[in-house]
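In what follows, a single structure is set out as structure tokens and then discussed.
Below you can see the structure in the form of structure tokens.
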């Protein structure tokens, strides 16, 4: 397939608070080798993007303070392809900004949108699914999402609902659902017409821009000055005048031309320490360790120590023990979804220098 007009947008602006204390404001999750595989999550995402595009057609949108880190981790990328946002405004403005830049370079552009911090287990299947989706979106007026077939009742993901008993490869989206409780997630999986929302998308840039102009005219108008020319000053003015909004809420939940391609490759958004634990190798007692650790009478634990530090555990079961050299987290691994609350409490108590 000809990917001459394909531009890949990697969204890398997340704060990574759910992976404290390994992830901090200075170096969030996407810039870490969370799985101990020799490359950071951002580097892995970029490597997969390079399967389709040259560096000149790959764009990393991140918070401006992380631009130098992106260039350090992706030395092949030119600074012009690292787009620094002056403030956090969620995925809607992020993609509007990327779309405006790509439009100036290639009016015929097609966009593939990838989060920077996800894990893809079967990359061959991933490449095949992306090629299929990009080819489909190239010739149709659609906003395409990639929906992962669920293999468990997961409460940490949003879900995409399609028509019951649909028999097509590409399915019109009936509704997007927020993260459910356990009973609702079990019902979704049992029905068979629900997919995990992967946060990956493909569309023609023109279709995306026309859709935003229809469904979010005020927001689209704010970005109109970028059509006259790009400057940091203009972007700062735009971001100072808009509110945070996700692309799901701003567009995908409203538009009638949203379709989903069901995919089967191994995928995780690595949203909690428990999800990381599931992907790490374990010893005979179910312990996953990163760094130096001595475990006595301990089972089913996740232990992570930085270089030069040693963690010793005695008599623990089903715990996460994470150290970054400055702070230590000890909590039941099943409660690792509470990290947002924990970091908020630390901020309230004045421990900002640990976040």
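Residue numbers (my numbering): 5 to 359.
Ideal Cβ positions, reconstructed from N, Cα and C, are used throughout, including at glycine.
So, at 7 angstroms on beta carbons, what are the nonlocal neighbours of residue 136 in its own chain, with the 5 sequence-adjacent residues on each side left out? Reading the chain shown from its first residue, position 132 is the one you call residue 136. Within the same chain, residue 136 has close Cβ partners 265.
So the candidates are 251, 144 and 59; which of them puts its Cα closest to the Cα of residue 210? Translated into the one-based positions of the chain shown, residue 210 becomes position 206. The residue among 251, 144 and 59 with its C-alpha nearest the C-alpha of residue 210 is 144.
Measuring straight from C-alpha to C-alpha, what distance separates residue 69 and residue 342? Within the chain shown, the letter at position 65 stands for residue 69. Within the chain shown, the letter at position 338 stands for residue 342. Cα to Cα, residue 69 sits roughly 26 angstroms from residue 342.
C-alpha distance - residue 166 paired with residue 224, whole-angstrom precision: Locating residue 166 in the chain shown gives position 162, counting from the first residue. Locating residue 224 in the chain shown gives position 220, counting from the first residue. Distance between the alpha carbons of residue 166 and residue 224: 28 angstroms.
Between residue 306 and residue 337, how many whole angstroms is the CB-CB distance? I'm expecting something under 8 angstroms. In the chain shown, counting from the first residue as 1, residue 306 sits at position 302. In the chain shown, counting from the first residue as 1, residue 337 sits at position 333. Between the beta-carbon of residue 306 and that of residue 337 there is about 6 angstroms, and that keeps the pair under the 8 angstroms contact cut.
Could you check if residue 58 is buried or exposed, using at least 16 other CB atoms within 10 Å of its CB as the buried criterion? Translated into the one-based positions of the chain shown, residue 58 becomes position 54. With fewer than 16 Cβ atoms within 10 Å of its Cβ, residue 58 is classed as exposed.
DSSP-derived helix/strand/coil call for residue 338: Stepping through the chain shown from its first residue, residue 338 is reached at position 334. Here DSSP, grouped into helix, strand and coil, assigns residue 338 to helix.
Determine, using beta-carbon pairs with one atom in the region 325-333 and one in the region 20-31, whether at least three such pairs fall under 8 angstroms. Per the Cβ contact rule, the region 325-333 is in contact with the region 20-31 (3 or more Cβ pairs under 8 angstroms).
Per DSSP, which one or two residues make a beta bridge with residue 116? Numbered from 1 along the chain shown, position 112 holds the residue referred to as residue 116. Its beta-bridge partners are 12 and 206.
Just to confirm the assignment, what range does the beta strand (DSSP E) spanning residue 297 have? Locating residue 297 in the chain shown gives position 293, where the first residue counts as 1. Segment 296-300, the beta strand (DSSP E) holding residue 297.
Any beta-carbon of chain D closer than 7 angstroms to the one on residue 6? No chain D appears in the structure shown, which is made up of a single protein chain.
Between the CA atoms of residue 245 and residue 128 - distance to the nearest angstrom: Counting from one through the chain shown, the residue named residue 128 turns up at place 124. Counting from one through the chain shown, the residue named residue 245 turns up at place 241. Straight-line spacing of the CA atoms in residue 128 and residue 245 works out to 42 angstroms.
DSSP state of residue 315, grouped into three classes? Translated into positions along the chain shown, residue 315 becomes position 311. Residue 315: strand per DSSP, three-state reduction.
Figure out for me which residue from 303, 356, 66 and 117 has the closest Cα to the Cα of residue 205. Counted from its first residue, the chain shown places residue 205 at position 201. If you compare the alpha carbons of 303, 356, 66 and 117 with that of residue 205, the shortest gap goes to 117.
Residue 283 vs residue 36 beta-carbon contact at 7 angstroms: The count along the chain shown starts at 1 and reaches residue 283 at position 279. The count along the chain shown starts at 1 and reaches residue 36 at position 32. Not in contact: residue 283 and residue 36 (Cβ atoms no closer than 7 angstroms).
With a threshold of 16 other CB atoms inside 10 Å of the CB of residue 105, please say whether the residue is buried or exposed. Stepping through the chain shown from its first residue, residue 105 is reached at position 101. Sixteen is the threshold: when 16 or more other Cβ atoms of the shown chains lie within 10 Å of the Cβ of residue 105, as they do, the residue is buried.
Okay, do the region 215-223 and the region 150-162 touch, 3+ Cβ pairs below 8 angstroms being the bar? These segments do not touch.
Beta carbon of residue 253 nearer than 7 angstroms to that of residue 198: Locating residue 253 in the chain shown gives position 249, counting from the first residue. Locating residue 198 in the chain shown gives position 194, counting from the first residue. Taking a C-beta distance under 7 angstroms as the contact criterion, residue 253 and residue 198 do not qualify as a contact pair.
If we count Cβ pairs, one from each stretch, closer than 8 angstroms, do we get three or more for the region 309-329 versus the region 289-296? These segments touch.
Going by Cα to Cα distance, which pick from 174, 122, 125 and 14 is closest to residue 101? One-based indexing of the chain shown puts residue 101 at position 97. For the set 174, 122, 125 and 14, the Cα lying nearest the Cα of residue 101 is the one of 14.
Please classify residue 195: is it buried, with 16 or more other beta-carbons within 10 angstroms of its beta-carbon, or exposed? On the chain shown, residue 195 is found 191 positions in, with the first residue counted as 1. Exposed is the call here.
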